[in-house]
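First comes the structure, then the notes that go with it.
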Amino acid sequence: MGLISIMFTLGFIFIFLHPVRGDLSYTVPEETKRQYVIGHLAKDLGIDGKRLSARKARVETEDSAKRYCEINLSSGNLVVAETIDREELCGSRISCIVNYELVLENPLEVHRISLQIEDVNDNNPFFYNERITFEIRESAVKGERFPLEEAHDLDIGRNAVQGYSLEKNEHFILSVHENADGGKSATLVLEKELDREKQKDMNLILTAFDGGNPPKSGTAVIHVTVLDANDNIPVFSQPVYRVSLAENTPLGTEVITVSATDADEGANGDVTYELSRLSEKSGKIFSLDKITGQITVSGNIDYEKEKYFEMRVQAKDGPGLVSSAKIIIDITDVNDNEPRIILKSLNDPIPENSAAGTEVAIINVQDKDSGDNRQVNCYIQKNVPFKLNPSIKNYFSLITTSTLDRENESDYNITVTATDGGSPPLSSSMTIHLSVADINDNPPVFEQQSYTAYVMENNKPGTSISSVTARDPDWRQNGTVLYSLVPSEINSLPVSSFLSINSDTGVIQAVRPFDYEKFRNFKVQVVARDNGSPPLSSNVTVSVFISDENDNSPQILYPAPEGKSLMTEMVPKAALSGSLVSKIIAVDADSGQNAWLSYQIVKSTDPGLFTIGLHSGEIRAQRDITESDSMKQNLVISVKDNGQPPLSATCSVYLLISDNLAEVPELKDMTFEESNSKLTFYLIIALVSVSTFFLTFIILILAVRFCHRRKPRLLFDGAVAIPSAYLPPNYAEVEGAGTLRSSFNYDTYLTTGSHTSDFKFITSYNDSTLTASETMKNVQNETLAGSLITLNNTGEADEVRILVFPLGGDFAI
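Throughout the sequence shown, residue numbering follows mature numbering (1 follows the signal peptide of the UniProt record, and there is no 0), covering -22 to -1, 1 to 791 in sequence.
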């Protein structure tokens, strides 16, 4: 017996661990103090104790029940969090199990923990009625039995009532037997007949004891009144009453009515009812009508707190004979609890570059109901890049279904709805606010694919010529755009010496004045870079066009300015109206209309004799030359451009009307003014001329031969040849079109015998020359024809015909 007691005691002290289907099961005695070690949780799970904290290990309850255990993260042990009272928690139930869930994250794991609460002997047996009364007829025979009220003990098993003892007396003994439900009951047995005349009443001490170590006990007084014989006890209509009752049943609702009959008559047959073996909870919920045996609801019934009740009812007749029956009340669940949504963890904000399938949140849904009422369906709204994945039990993982884009959607309000399977179903919802964290995944984008800027030459430094704008949809520093110029060179100079850009606004400014005549356009690259890490950038081309300003006067190339050399044109006396006499060659460094030149005779010896082409500069005879016309003609020509305001230049052209050199009285000085010389003066000149004619003629012939081989002739008969020495390096002559740049290519066709012509044709090309669109506006899309006259080696004039045909953007001549 001592060995059994020791083993029983050790059963309350040691904790046993036995895994069930991969879950954890522990046993702990009730009334243990806080921090009592229930089990080595980390060791049982095969996890390093330090990992429990990293994985946010925690114990969760399935409902709002108290949490009697917790995890000591430093030791990895499962310890008592609150003192456990088994009787308060489980009442009279033999098995007292509390279920918890152990939740681990990263990755998500849920383990079921079953905590078996062991009973300890902390309650004394007791009788509901401390005084038990019997009225026994003296005619009662030996061996007659009188059932006694059962003693109650809130403990269970060995700690419950295990036996009874009766104070020693001469009339009664005690018979103890085990009930069908495992309880102990006692019967008072008459050992010796009563004699009312000797003793009409007596008091006996009844003791009930449990099986604890040490055992506890409780007593009641049996008062026996000796009467005449009552030989029938009340008999219930059935030994066990079982009924189902829905939770939330209204107060006053009838649960069941018990019935017992007694064959005796009169007071011996009057039956009354009492509830026995009634727990404190049951006593507050149910009440019994002692006369009718009707049991009604007197308190609130909650299935989630107590799923069934078990009690005994006694029937007692007038003299005090009793019998008992069991009443079992099963509580049925009603769908009266909405699902409860619990957000266990949330990763907020979530980076926008998170891959599809990234876990955002862990959600647990709980419902206190049972059966179908407990089955929960959980979902979120559509049209969001998230979904709920069922995990373990009622755990759900909220994951992404696609990559996120903060620039399209920066915040999400995700509504989680849980609906149970009851009829009608109940539901609840929770809104989770999720922010999307920005990632530098967008480079700045310019508003235009390219930019064009126009600036007038001779601009002031610091002039704003253009502005670029780039947008970056990212956030904060990832979307802050800074501008800069890509380092490059323009005409062998760094771009920074020409332009600057405001890094914040993108405004481009000129650093220096521009000169259209030096260069007309250039391109720069502007880079827009955000402030992310790493930064992203994009480039755009800015084309800068310099507009021409009329800041250059026309330059007369032929005839040469006065003071440098004397240039005289010879005009045949037989020149007819329209004959080409000479040509003015002038250029303008500007372009467009600013370089469109017009020619005008502002002064002449004979105003009606010669005319000049307005745009060609060709001097032609306006009428036939006659003998009466003055031999020496002086023309003052004005060359004016088309700018606003226009600029101009003037030159003088000296013409000599003569068929041969012999008729020229003086050749060296042709700038004197004509006067009405007297006849004597002419006779003197004629005499001198005759005297020297022969010598002069020979010298002149030799000079002409010599000059013909060295350079173009300045004086010739009846035609005009403009020496190439008067043309700039990038200009060439075309009749009827003024002066053209050498960007046009020409082919020449000479007449027979012109193999040694003095005509020189230039076909060089220079990038800085004016374009056809800017210098040939008056001749585009036209076929030009003209003629130049040169001298061959025989002294005769050859005609060179030049044809200019437009071919696309160029001219072929």
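Think of the CB as a built atom: it goes at the ideal place given N, C-alpha and C, for glycine as much as any other residue.
Kindly indicate which three-state DSSP category G161 falls into: helix, strand or coil? coil
Please report the distance separating the alpha-carbon of G569 from that of G457. The sequence shown places Ser at residue 569, not Gly. Computed Cα separation, rounded: 45 Å.
Just to confirm, is the Cβ distance from E127 to I110 under 8 Å? yes
Under 8 Å, with one C-beta from each stretch per pair, do the stretch 161 to 180 and the stretch 261 to 268 reach the 3-pair mark? no
Could you spell out where the beta strand (DSSP E) holding I91 opens and where it closes? E87 to E96
Cut-off 7 Å between Cβ atoms - residues of its own chain near Q600, not counting five sequence neighbours on either side: S555, G586, L587, F588 and T589, listed in sequence order.
Leaving out five residues before and five after A35 in sequence, what residues of the same chain have Cβ atoms less than 6 Å from its Cβ? Residues of the same chain with a CB within less than 6 Å of the CB of A35, apart from the 5 flanking positions on each side, are I49 and L82 in chain order.
Status (buried if at least 16 other CB within 10 Å, exposed otherwise) for Y432: exposed
Do F124 and L256 have their C-beta atoms within less than 8 Å of each other? no
Suppose the cutoff is 6 Å on Cβ atoms and the five residues either side in sequence are ignored; what does the same chain contact list for I273 look like? V233, I234, F264 and L266
Is T397 near N355, with beta carbons less than 8 Å apart? yes
Please name the residue, chosen from D280, N226, D452 and F214, that lies closest to Y251 on a Cα-to-Cα basis. F214
Does the stretch 393 to 408 come within contact of the stretch 322 to 335, defined as at least 3 CB pairs closer than 8 Å? no
Which residue wins for smallest C-alpha separation from T321, given the options N372, N351 and D566? Checking the sequence shown, residue 321 turns out to be Leu, not Thr. That would be N372, whose Cα lies nearest to the Cα of L321.
C-alpha distance - S444 paired with V614, whole-angstrom precision: The straight-line gap from Cα to Cα measures roughly 47 Å.
What do you reckon, is the C-beta of R601 under 7 Å from a heavy atom of the ligand FAD? In terms of ligand content, the structure shown is empty, and the ligand FAD therefore cannot be addressed.
Leaving out the 5 sequence neighbours to the left and right, which residues in its chain are closer than 7 Å to T378 when beta-carbon positions are compared? S332, A334, G335, T336, V338, P363 and F364
Over what stretch of residues does the beta strand (DSSP E) that includes G556 continue unbroken? It is not in any beta strand (DSSP E) - G556 carries neither H nor E in the DSSP assignment.
Am I right that G141 and K162 are in contact with their C-beta atoms under 8 Å? What's the rounded C-beta distance? 6 Å
Look up L404 in the DSSP assignment and say whether it is helix, strand or coil. coil
Starting from C74, follow the alpha helix (DSSP H) in both directions and report where the run begins and ends. That residue, C74, is in no alpha helix (DSSP H); it is neither H nor E in DSSP.
Enumerate in chain order the residues of its own chain whose CB-to-CB distance from D280 is below 7 Å, with the five nearest sequence positions on each side excluded. E225
At the level of alpha carbons, what is the spacing between F671 and V631? 28 Å
My guess is that G190 and N99 are in contact by the Cβ rule of under 8 Å, so how many angstroms apart are they, rounded? 3 Å
Start-end ranges of the alpha helix (DSSP H) lying completely within the stretch 413 to 499, minimum 4 residues: none
Can you give the beta carbon distance from P212 to K294, rounded, assuming they're within the 8 Å contact cut? The beta-carbon distance between P212 and K294, rounded to whole angstroms, is 7 Å. This is short enough to meet the 8 Å contact definition.
Mapping DSSP to helix, strand and coil, what is R683? helix
With distances taken from CA atoms, which of M289, P297, D314 and D350 is nearest K304? M289
What do you reckon, are the CB atoms on S302 and S254 nearer than 8 Å? yes
Best match in E171, Q533 and I524 for proximity to P491 [C-alpha to C-alpha]: I524
Thinking C-alpha only, which one of K360, F112, N418 and E116 is nearest T165? If we check each option's Cα against that of T165, F112 comes out closest.
Does the stretch 306 to 318 touch the stretch 6 to 22, meaning 3 or more C-beta pairs lie closer than 8 Å? In short, these stretches do not touch, since the Cβ pair count stays below three.
Can you tell me whether I307 is helix, strand or coil according to DSSP? Here DSSP, grouped into helix, strand and coil, assigns I307 to strand.
Grab the span of the beta strand (DSSP E) containing L266 for me, first residue to last. F264 to L266
Rounding to the nearest angstrom, what Cα-Cα distance links V504 and L412 in this structure? If you draw a straight line from the Cα of V504 to the Cα of L412, it comes to about 38 Å.
Within the 8 Å Cβ cut-off, does S444 reach chain E? Considering every chain present, this structure includes no chain E. It has just one protein chain.
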